[in-house]
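>
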Amino acid sequence: MDEREPRSLLRRRLSRTELILLDVAAALAYTVVVVLPAFGPSPPGPVWAVCLVAAGAGLPVALRRLFPLPVFVLVCTVSVVGAGLGLLGDPLLAAAFAVYPVAVARPRRRREPTVVIGVLSGLLVLVAVVSGPATAGGPGILVAGCALLGCSWTIGRAVRERRAASAVAAERLAERAAAEERLRIARELHDVVSHTLSLIGVKAAVANHVADSRPDEVRDALRVIESTSGQALTEMRHMLGLLRSPESPDEPRPVPGLAGLDALAAGATDAGVTVETTVRGTDGLPGDVARAVYRIVQEAVTNVVRHAAPARCTVLVAATADGVRVEVADDGTRPVRTGHRPGHGLLGMRERVAMHGGTMTAGPRPGGGFTVTAHLPVPAAEGAR
Numbered sequence: 010m011d012e013r014e015p016r017s018l019l020r021r022r023l024s025r026t027e028l029i030l031l032d033v034a035a036a037l038a039y040t041v042v043v044v045l046p047a048f049g050p051s052p053p054g055p056v057w058a059v060c061l062v063a064a065g066a067g068l069p070v071a072l073r074r075l076f077p078l079p080v081f082v083l084v085c086t087v088s089v090v091g092a093g094l095g096l097l098g099d100p101l102l103a104a105a106f107a108v109y110p111v112a113v114a115r116p117r118r119r120r121e122p123t124v125v126i127g128v129l130s131g132l133l134v135l136v137a138v139v140s141g142p143a144t145a146g147g148p149g150i151l152v153a154g155c156a157l158l159g160c161s162w163t164i165g166r167a168v169r170e171r172r173a174a175s176a177v178a179a180e181r182l183a184e185r186a187a188a189e190e191r192l193r194i195a196r197e198l199h200d201v202v203s204h205t206l207s208l209i210g211v212k213a214a215v216a217n218h219v220a221d222s223r224p225d226e227v228r229d230a231l232r233v234i235e236s237t238s239g240q241a242l243t244e245m246r247h248m249l250g251l252l253r254s255p256e257s258p259d260e261p262r263p264v265p266g267l268a269g270l271d272a273l274a275a276g277a278t279d280a281g282v283t284v285e286t287t288v289r290g291t292d293g294l295p296g297d298v299a300r301a302v303y304r305i306v307q308e309a310v311t312n313v314v315r316h317a318a319p320a321r322c323t324v325l326v327a328a329t330a331d332g333v334r335v336e337v338a339d340d341g342t343r344p345v346r347t348g349h350r351p352g353h354g355l356l357g358m359r360e361r362v363a364m365h366g367g368t369m370t371a372g373p374r375p376g377g378g379f380t381v382t383a384h385l386p387v388p389a390a391e392g393a394r
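Converting from the sequence shown to our numbering requires adding 9 to each position, the first position being numbered 1.
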């Protein structure tokens, strides 16, 4: 077990039945303890009266989780009467024990002075301690009993507020996880759409340009458009299905990993960008890292197709001592634009790299063209699998 992992007193939470059994044990123990003085040398009263008060104040506690308010009213009434008659030597312990589930179960009212109750209960505890042991039937027993009741009520309210806060935190965490998953799917959808439309746009422009002089190239362009659009529609259906029905039992279509780089290169080649792919030492790369690498290469190649075709492009994916290096470089010529903001493609790549704790650079090459370089760290234990 990790030493940083928080430890709980119980390895598992007790079930409701087990808690009720503990209440039954506590009720029987309290009843026996209250009855025992009746058989001693100085009984607080008649045996039958002590037994009746003990049974009325102690036994209903076994049902405090099932009927919180009725049990508390009964136990509190019997306890006050017994304490007033001098038949109970404890400061309303049973009533304090019974009021806890009432405080936990009942909704808090808007004007309920929980903090004031807690402060006054603490002051009463100090008064009871300073005044010394309370005598049975005296006012001190009632003061101490009220202090215990207030403390028990305050603890119950604090537990209820903590549970409510935990429930809200869990709900927000679930909503955040769902939002992050939808954001991830949106990124995947953007990658698919931008890559596909770029290829389709390039091939459509080629077909329009050579429609009269080279009809064979038109057919090739239409074939690429048909196959590319069909693949994109299939992948988009899977992603949109996830957005519409997150609880769907159907498994989503997996994002291509490094094995999909060849098909990616072939599609880019059809669009006028010759892609040379080199992959070294990536066996055993974790699946999430492999998918991120594929999307980074896809977006970088898509940018080449969109802004620099026709061109040559080299893709290098190589394992390093602590991760994987991705480099996509081209020799194309991009139009010069000043004062423009980075596109969604570069931002999407930077977000993917940042999610894995990596680094990324992108910019023009000294000899012309553009280079995107990224490094994604991989823990040694995962990279060795």
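All C-beta atoms in this analysis are idealised placements derived from N, C-alpha and C, irrespective of residue type, glycine included.
Measuring CB atoms only, is the stretch 280 to 291 touching the stretch 317 to 336, in the sense that at least three cross pairs come out at less than 8 Å?
yes
> Is VAL403 helix, strand or coil by DSSP?
The question about residue 403 has no answer, for the chain in this structure spans 10 to 394.
> Cα-Cα, which of GLY357, PHE76, GLU226 is closest to VAL306?
GLY357
> Classify PHE81: buried if its beta carbon has 16 or more other beta carbons within 10 angstroms, exposed otherwise.
Buried, by the Cβ-count rule.
> How many angstroms separate the CA atom of ARG172 from the CA atom of VAL108?
18 Å
> Can you give me the start and stop residues for the beta strand (DSSP E) that VAL381 sits inside?
379 to 386
> Within a Cβ cutoff of 7 Å, which residues of the same chain sit near ARG374, ignoring the five residues on either side of it in sequence?
Annotation for ARG374: ALA338, THR380 place their beta carbon closer than 7 Å to its own, counting only its chain and skipping 5 residues before and after.
> Output the distance between the C-alpha atoms of ALA143 and GLY159, rounded to the nearest integer angstrom.
Because ALA143 sits at a pLDDT of 48, beneath the cut-off of 50, its placement in the model cannot be relied upon, and the following sentence gives the value as read from the coordinates. When rounded, the distance between both Cα atoms is 18 Å.
> Exposed or buried, which one is PHE106 when buried takes at least 16 other CB atoms within 10 Å?
buried
> Looking at LEU325: is its Cβ nearer than 8 Å to the Cβ of THR287?
Taking a C-beta distance under 8 Å as the contact criterion, LEU325 and THR287 qualify as a contact pair.
> Using 8 Å as the threshold, is the C-beta distance between GLY95 and GLY54 below it?
yes
> For ASP292, which three-state DSSP category applies?
coil
> So what does DSSP say about VAL211, is it helix, strand or coil?
helix
> Using 7 Å as the cut-off, classify the Cβ of LEU294 as near or not near the heavy atoms of the ligand ADP, replying yes or no.
The ligand content of the structure shown is nil, which means the ligand ADP is not present either.
> Given this structure, state the Cα-to-Cα distance separating LEU231 from PRO386, to the nearest angstrom.
One Cα belongs to LEU231, the other to PRO386, and the distance between them is close to 41 Å.
> If contacts are defined as beta-carbon pairs under 8 Å, then ILE234 and ALA213 qualify, I think. What distance do you get, rounded to the angstrom?
7 Å
> Assuming contact is defined by CB atoms lying nearer than 8 Å, are LEU101 and TYR39 in contact in what I supplied?
no
> Taking the alpha-carbon positions, what's the TRP162 to VAL56 distance?
32 Å
> Mind checking who LEU325 pairs with in its DSSP beta bridge?
THR287, GLU336
> Could you spell out where the alpha helix (DSSP H) holding GLY372 opens and where it closes?
GLY372 -> not in any alpha helix (DSSP H); beta strand (DSSP E) instead, spanning 368 to 373.
> Along the alpha helix (DSSP H) that carries ASP279, what are the first and last residues, could you check?
270 to 279
> To the nearest angstrom, report how far apart TYR303 and GLY332 are at their CA atoms.
15 Å
> Does DSSP put VAL219 in a helix, a strand or coil?
Of the three classes helix, strand and coil, the one that applies to VAL219 here is coil, per DSSP.
> Quick check on the burial criterion: 16 or more other C-beta atoms within 10 angstroms. Buried or exposed for LEU270?
buried
> Apart from the five residues on each side of it in sequence, which residues of its chain come closer than 7 Å, Cβ to Cβ, to ALA323?
Sequence inspection shows Thr at residue 323; the Ala mentioned does not correspond to that position. Only GLU285, ALA338 meet the Cβ criterion.
> Would a C-beta distance cut-off of 8 Å place VAL33 and PRO77 closer than the cut-off?
Result no, Cβ atoms of VAL33 and PRO77 do not sit closer than 8 Å.
> What separation, rounded to the nearest whole angstrom, lies between the Cα atoms of VAL215 and ALA277?
14 Å
> Tell me where the alpha helix (DSSP H) around ARG25 begins and ends.
First-last of the alpha helix (DSSP H) with ARG25: 25 to 44.
> Let me check understanding here. Comparing Cα to Cα, which of CYS85, VAL227, ARG223, VAL168 lies closest to ARG211?
Strictly speaking, residue 211 in this sequence is Val, with Arg absent from that position. It is VAL227 whose Cα lies nearest to the Cα of VAL211.
> Quick one: what does DSSP say ALA174 is sitting in, helix, strand or coil?
helix
> Report the rounded CA-to-CA distance for ALA153 versus ARG193, giving the unit in angstroms.
59 Å
> Under a Cβ-count criterion, where at least 16 other Cβ atoms within 10 Å of its own Cβ denotes burial, should GLU308 be classed as buried or exposed?
Within a 10 Å sphere around the beta-carbon of GLU308 sit 16 or more other beta-carbons, which makes this residue buried.
> For PRO255, does the count of other Cβ atoms within 10 angstroms reach 16, so buried, or fall short, so exposed?
At PRO255, the pLDDT of 48 sits below 50, so the modelled position is not reliable; the number obtained from the coordinates is stated separately. Looking at its Cβ environment, which holds fewer than 16 other Cβ atoms inside 10 Å, PRO255 is exposed.
> Going by beta carbon distance, what residues of the same chain come within less than 6 Å of ARG334, once the five residues before and after it are set aside?
Answer for ARG334: ALA327, HIS384, listed in chain order.
> I need the DSSP call for ALA153, collapsed to helix, strand or coil.
helix
> In whole angstroms, what is the alpha-carbon distance linking VAL41 and PRO79?
Between VAL41 and PRO79, the C-alpha separation is close to 23 Å.
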